[in-house]
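The sequence shown: position 62 = 61 (numbering that gives the first Met the number 0), numbered continuously. In what follows, a single structure is set out as structure tokens and then discussed.
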Amino acid sequence: MPRIALGLAYNGSAYLGWQSQLGGNTVQDKLEEALRLFSGFPAGQRVITNCTGRTDSGVHALMQVVHFDTPLEREPFSWMRGVNRFLPDDIAVQWAREMPPEFHCRAQALTRRYAYIVLQSPMRPSIEQGRAGWSHLPLSLPAMQEAAKLLLGEQDFSSFRAAQCQALSPVKTLLRADISQRGAYFRFDFEANAFLHHMIRNIMGCLLTIGRGDQPVSWASDVLAARKREFSAPTFSPDGLYFLGPTYSPAWGLPERTVAFDWLPL
């Protein structure tokens with residue numbers, strides 16, 4: 000049975016995250032229904048998909064990689080164009096590939112990448128609403144950059160873990176935590192072997208607290224060492240958070256980016 004991998008981009012503002020829920024207003028539900036319709040399956044016959052990163056409500060994706068098994072024989076281009084016919088306008092398949100049966104989009108992912116866009120302005124976002132986070136107070140780029148360096152490497156991220164996180168271990172390896180600024184906009188780039196539930200949003204809460212001058216740079220190390228969620232800052236809004244996608248061994252032959260990457264600011 001063919002195994003198909005898809006690269007998916009979506010604006011998550013209108014959805015309750017990736018994972019299927021009762022009510023059906025999730026990205027997974029929309030994709031699986033589009034796959035069912037394109038496949039010509041009867042109502043109630045589900046096409047089960049697996050994803051690389053289970054994005055939260057309101058979080059966007061530039062390259063969510065999913066895979067599914069199907070009895071149908073179709074060219075990759077046909078999967079891309081055909082499934083897009085049945086998807087809402089804010090979700091689109093960017094590429095499709097037929098993969099060997101041993102490929103699993105989550106298990107074979109080497110790293111995951113995310114980016115946050117934050118607007119620093121006394122005025123709230125307007126056209127950026129949902130597409131950028133917001134700080135109405137000034138932020139210190141050097142302070143946040145120094146604090147982010149303290150979080151790199153293999154660490155116990157219990158202080159940045161949501162209470163409902165189901166990961167077996169809080170130990171993850173943060174490979175990248177870069178911060179840049181252009182005008183009123185800040186971009187935060189994170190890459191790790193894996194992330195805990197709400198880990199990035201909780202790290203953002205910590206970095207912005209330091210950026211506003213409410214805590215010193217060294218507080219990032221104190222929070223990390225405490226290994227207690229209540230010791231850290233509040234969870235930051237999902238607005239402005241983008242799942243950039245996973246990385247894989249070149250041997251799988253999968254794209255590393257989509258055209259949506261060219262849209263992302265900074």
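Every residue gets a Cβ at the ideal spot worked out from N, C-alpha and C, and that includes glycine.
HIS103 and HIS66 do touch by the CB rule: their CB atoms are close to 7 Å apart, below 8 Å.
In the structure shown, GLU153 falls within a strand segment according to DSSP collapsed to helix, strand and coil. When the Cα atoms are used, GLU72 and LEU36 turn out to be separated by approximately 15 Å. Sequence-distant Cβ neighbours of ARG211 in its own chain, meaning closer than 6 Å and more than five residues away, are LEU136.
Per DSSP, the unbroken alpha helix (DSSP H) holding ALA147 starts and ends at 140-148.
Secondary structure remark: continuous alpha helix (DSSP H) runs of at least 4 residues inside the stretch 19-97, in chain order: 26-38, 75-83. Between the alpha carbons of TRP17 and THR25 lies a gap of roughly 5 Å. ASP68 sits exposed, since fewer than 16 C-beta atoms from the chains shown fall within 10 Å of its C-beta. A straight line joining the alpha-carbon of GLY204 with that of LEU21 spans about 30 Å. Contact annotation, ALA95 with PRO70: C-beta distance approximately 16 Å; criterion of less than 8 Å not satisfied. Nearest in C-alpha terms to GLN27, of all of LEU149, ILE47, GLU101, is ILE47. DSSP places ILE199 inside the alpha helix (DSSP H), whose first and last residues are 198-210.
With a 10 Å radius around the Cβ and a threshold of 16 neighbouring Cβ atoms, GLU101 comes out exposed. In this structure, LEU109 lies away from TYR241, with their beta-carbon atoms at least 8 Å apart.
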